[in-house]
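Quick note: the sequence shown uses our numbering, first residue 1, plus one each step. No residue lacks a Cβ here, since even glycine has one placed at the ideal position from N, Cα and C.
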Amino acid sequence: MRLLNRQSKGMRIKDLEPNEPIHGLKLKIIRRYPPKCVTSKFYTGQIAAACGIDETGIVGVVLWSLDVDTIQSGDLIKYVSGWCRLRSGRLIVSTERTGRLIKMNGWSP
1 MRLLNRQSKG
11 MRIKDLEPNE
21 PIHGLKLKII
31 RRYPPKCVTS
41 KFYTGQIAAA
51 CGIDETGIVG
61 VVLWSLDVDT
71 IQSGDLIKYV
81 SGWCRLRSGR
91 LIVSTERTGR
101 LIKMNGWSP
């Protein structure tokens, strides 16, 4: 029941829990750091770190692949699907390999 409630209203930063999926999280990107290239067993390409906020807090963001070039500071985004992790005591959200985010024009539901 809790997940259904989150999906209908959308998640907020205060709802995030480590090692749990995210759906419908809307953020304003307040800072996007320069991209860097990474090579690993699972991924080769660009990533960029960012910071996102909503009315309940701030969270770290990892942008992958095409999102690195698309998302800039000041943009509004919505995670259609993704994952929350805990890194160095801070929450980080990401689409990882299978999730998706979209750039929004406003905070419409």
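> Do you know how far the Cα of K26 is from the Cα of T44?
Replying inline: Between T44 and K26, the C-alpha separation is close to 27 Å.
> Do L66 and A48 have their C-beta atoms closer together than 8 Å?
Replying inline: Taking 8 Å as the Cβ cut-off, L66 and A48 do not qualify as a contacting pair.
>> Comparing C-alpha positions only, which one of M11, R12, L16 sits nearest to L91?
In response: The residue with the shortest Cα to Cα distance from L91 is L16.
>> Report the CB separation of I30 from I13 in whole angstroms; it is logged as a contact under 8 Å.
In response: 12 Å between Cβ atoms; not a contact.
> What residue from G24, Y33, V38 has the CA that sits closest to Q72's CA?
Replying inline: Closest option to Q72, Cα to Cα, is Y33.
> Sorted by chain position, which residues of the same chain lie with C-beta nearer than 8 Å to V38's C-beta, five sequence neighbours on each side aside?
Replying inline: Contacts found: T44, G45, Q46, I47.
> With a CB to CB cut of under 6 Å and the five nearest residues on each side skipped, what residues in its chain are close to S40?
Replying inline: Scanning its chain for C-beta atoms nearer than 6 Å, with the 5 sequence neighbours on each side dropped, one finds no residue around S40.
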